[in-house]
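Here our numbering is used: position 7 in the sequence shown is 8, and no number is missing along the way. Beta carbons: idealized from backbone N, C-alpha and C, even for Gly.
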Amino acid sequence: MLLYILKSSAILAILLLFYKVFLERENMHTFKRFYLLGTLLALCIIPFLTFVEYVEIPTVTPLMEQSTVHSLDVPSTLQEEMITDYIPAFFWSIYVMGIIVFGFKFFKNLSQIIQRIRKNPKLRINRITNVLLRDRIIPHTFFNYIFLNKHKFEAKEIPSEVLLHEETHAKQKHSLDVLLIEFIQVLFWFNPFIYTLKKLIKLNHEFLADREVLRKGVKPSKYQNILLEFSSNSFQPQLANAINYSSTRLTVFGKTFSFGLSAVGQVKKRFTVMKTQTSKKSIVLRSLLILPLFALLLFGFSEKKLVEIPSPVEITIPVTEQVTAVKTIEIRITKKGEILVQNKLLTSLDDLKSQLQKINTNLTKEQRENIVRVIIMPEAEPPMKLLKEIEAILIDYGVATIDVIGPEKFSNSKQQIKVQGGATKEQIEEYNALAKKYNAQPINERIIKKKELERLEYIYNIMTEKQKKKAVPFPECPPPPPPPTAPKTVEGKISATSPQPPIAPKISQGTVSNVTPVSPQAPKIANALMSNLPPNAPVVMKGELSDIPPPPPPKSPMEHVVEMARKDALFYYEGKKISSEKAIAILKKDKKINIRTKHKGLKKPVVELSTKPFIIKK
Numbered sequence: 002m003l004l005y006i007l008k009s010s011a012i013l014a015i016l017l018l019f020y021k022v023f024l025e026r027e028n029m030h031t032f033k034r035f036y037l038l039g040t041l042l043a044l045c046i047i048p049f050l051t052f053v054e055y056v057e058i059p060t061v062t063p064l065m066e067q068s069t070v071h072s073l074d075v076p077s078t079l080q081e082e083m084i085t086d087y088i089p090a091f092f093w094s095i096y097v098m099g100i101i102v103f104g105f106k107f108f109k110n111l112s113q114i115i116q117r118i119r120k121n122p123k124l125r126i127n128r129i130t131n132v133l134l135r136d137r138i139i140p141h142t143f144f145n146y147i148f149l150n151k152h153k154f155e156a157k158e159i160p161s162e163v164l165l166h167e168e169t170h171a172k173q174k175h176s177l178d179v180l181l182i183e184f185i186q187v188l189f190w191f192n193p194f195i196y197t198l199k200k201l202i203k204l205n206h207e208f209l210a211d212r213e214v215l216r217k218g219v220k221p222s223k224y225q226n227i228l229l230e231f232s233s234n235s236f237q238p239q240l241a242n243a244i245n246y247s248s249t250r251l252t253v254f255g256k257t258f259s260f261g262l263s264a265v266g267q268v269k270k271r272f273t274v275m276k277t278q279t280s281k282k283s284i285v286l287r288s289l290l291i292l293p294l295f296a297l298l299l300f301g302f303s304e305k306k307l308v309e310i311p312s313p314v315e316i317t318i319p320v321t322e323q324v325t326a327v328k329t330i331e332i333r334i335t336k337k338g339e340i341l342v343q344n345k346l347l348t349s350l351d352d353l354k355s356q357l358q359k360i361n362t363n364l365t366k367e368q369r370e371n372i373v374r375v376i377i378m379p380e381a382e383p384p385m386k387l388l389k390e391i392e393a394i395l396i397d398y399g400v401a402t403i404d405v406i407g408p409e410k411f412s413n414s415k416q417q418i419k420v421q422g423g424a425t426k427e428q429i430e431e432y433n434a435l436a437k438k439y440n441a442q443p444i445n446e447r448i449i450k451k452k453e454l455e456r457l458e459y460i461y462n463i464m465t466e467k468q469k470k471k472a473v474p475f476p477e478c479p480p481p482p483p484p485p486t487a488p489k490t491v492e493g494k495i496s497a498t499s500p501q502p503p504i505a506p507k508i509s510q511g512t513v514s515n516v517t518p519v520s521p522q523a524p525k526i527a528n529a530l531m532s533n534l535p536p537n538a539p540v541v542m543k544g545e546l547s548d549i550p551p552p553p554p555p556k557s558p559m560e561h562v563v564e565m566a567r568k569d570a571l572f573y574y575e576g577k578k579i580s581s582e583k584a585i586a587i588l589k590k591d592k593k594i595n596i597r598t599k600h601k602g603l604k605k606p607v608v609e610l611s612t613k614p615f616i617i618k619k
């Protein structure tokens, strides 16, 4: 809205400046009338115009399969505070109040004119209706109605030149222009240039009426004297055209403000324009100047939008370029030291470079450094010098990784060599996302997945020192839990390894046993033996000091809600679904809110908030 106000104000200011400099004092009043009306349309329409440019994007068949970028779901930071900006609402309220005030004033003036037409006698002459009033007013016009003082009209004290002047206003429908500018003023009441435009439109109406009077053969000197006689500040409705139009008046809370020339100053300007004779050449030149002016306004104050559309033309790629990329290159080293590349035997190490140049000819070195993997498989332990020479040739060729897979008898049978000069931009972004994710978790609650930990270590190890300084710190892994202490066997207690007591003999049904049941003694455990039974819980006697740590405190409601938000839980308040941010804001406002969380049988946890206690149904 602010941008529209600024644009419309700038357009109006530029067009009014052009009018004041090139058009106002020229005798081309009909053209000026439509120029001023066009100014009204320009300030309302140009800021809303949008020029759309469609750009065709040709469809190109890709040469290779692009490397996949894994997107990571990084939890967004929950908004802690909800700040409401009341400034736009404040200005909108002022704007609406202005529309109400000026709109009321507009309809009040319109109703007053309609009431005068209804309540006073009327005299129709041709298409013009004279409304005769008892009030002492100067002649003024509203559409086809001319308002005159009844006494002066019947006594024929009103000059015929004045009546001809008012008839011109009625015939040329000047009241339409006045109604339009008054309505625009209601919407743009805050713009001071609107009042200047209103003054210029009404003044140009007087130029048009003066020209018609002089064309009827009235002497300019006589007509000028009549204008001076009527140059007073008598009552005149704002929605009417009057012969003594002088200024634009604004009445607010009973106080009247005037914009523009006084009555005498306005009459002097009309005298000057009456005497001005504008040549046809000047009229044409001044009219043509408007074209580049409006073009500049359209270009400078309208919106531009670029829309991309797929091109119907398909760009075909030659068959020779449609080569499938080889992502894995195998190099074998035999026990005799022979080198095979993709199962092709090389005569010497010097042939390795030329053989590699025949592979992935459609890829650049930068592309190979992102996707090509080399596996070196020696049949025996290779000389380190040979591996270094092969590695140097591969780095010059451009590969992402080199995996050395040796025989099983070597302790480190698989070794990966990073060959790229630091991590790529995509890898750094992936590392930063993972590191931020785990650094945001408390160290004692941090659980890092093995796959993601290996990915973090992999990217971190290939970073340069400069990249490591700029990257997010490596998340610290929580220490492993201490191993459980071996249980000790206490004398007089049963161990899990002690022999089982003998099984009682079976008695057939219906027979009486005379065997006296004997309770088996618990086996004794020697002092030297260790029992694997878990020890009893430690007992702290009253008055003794204990080194047993207290139990961890329960999570606060806020911590619980934040944890549920990270788990993408669904939140409800009084039975209505809300966002996690709204739930946190409610909990901050009312810490006594009741919370209930459901997990069982649900894909996502459900957290319910309510000011009323929850009833558990049995």
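From the options, residue whose alpha carbon lies closest to that of residue i
i	options	result
S581	K601, M559, K599	M559
A108	F32, A171, H30, V187	Looking at the sequence shown, residue 108 is not Ala but Phe. F108 has its Cα closest to that of V187, out of F32, A171, H30, V187.
Y5	L290, A43, E427	A43
L38	K386, L13, L294	L13
H175	L353, T31, I138, E392	T31
Q368	P484, N28, V400, K592	V400
N622	N363, M378, I372, T362	What is shown of the chain runs 2 to 619, which leaves residue 622 out entirely.
R128	R456, V274, E168	E168
K471	E453, I202, A424, N110	A424
I406	I332, F300, I394	I332
I594	V607, E213, E575	E575
L201	E25, K426, I444	E25
L454	Q468, P476, T465, P443	P476
Y432	N371, M464, M2, A381	M464
E213	M29, R456, V608, E380	M29
I644	I114, N110, F231, D136	Any property of residue 644 remains undetermined from this structure, which presents the chain solely from 2 to 619.
Buried/exposed call for residue i, threshold 16 Cβ in 10 Å
i	result
F208	buried
P89	exposed
Y87	exposed
S72	Residue confidence is low: S72 scores 39 on pLDDT, short of 50, so the model does not pin down where it sits. Its coordinate-derived value is still stated next. Exposed is the call here.
D351	exposed
T329	exposed
D569	exposed
L18	exposed
H600	exposed
F144	buried
V97	exposed
F572	buried
L395	buried
V268	buried
K33	buried
V22	exposed
K8	buried
F92	exposed
E54	exposed
L289	exposed
Under 8 Å between C-beta atoms of residue i and residue j
i	j	result
I1	L298	Any question about residue 1 goes unanswered here, given that the chain covers just 2 to 619.
I376	D397	no
F302	A566	no
Y146	I100	no
P474	A436	yes
T197	E27	no
E309	V56	yes
R271	D211	yes
R447	Y459	no
L133	P122	yes
L353	I340	yes
H170	T142	yes
I334	E392	no
Residue i beta carbon near the ligand NAP (any heavy atom closer than 7 Å)
i	result
V274	The ligand NAP is not part of the structure shown, which contains no ligands of any sort.
Inter-residue CB distance, residue i and residue j (contact presumed, cutoff 8 Å)
i	j	result
V562	I585	6 Å
M275	L215	7 Å
T348	R374	Contact flag wrong, Cβ pair sits at about 25 Å.
Original post:
Is the number of C-beta pairs between the region 150–160 and the region 175–189 that are closer than 8 Å three or more?
Top reply: no
Subject >> Touch test, the region 39–58 against the region 218–229, Cβ-Cβ under 8 Å, three pairs minimum >> reply: no
Original post:
Within the chosen definition, does the region 190–200 reach the region 162–170 through at least 3 CB pairs nearer than 8 Å?
Top reply: no
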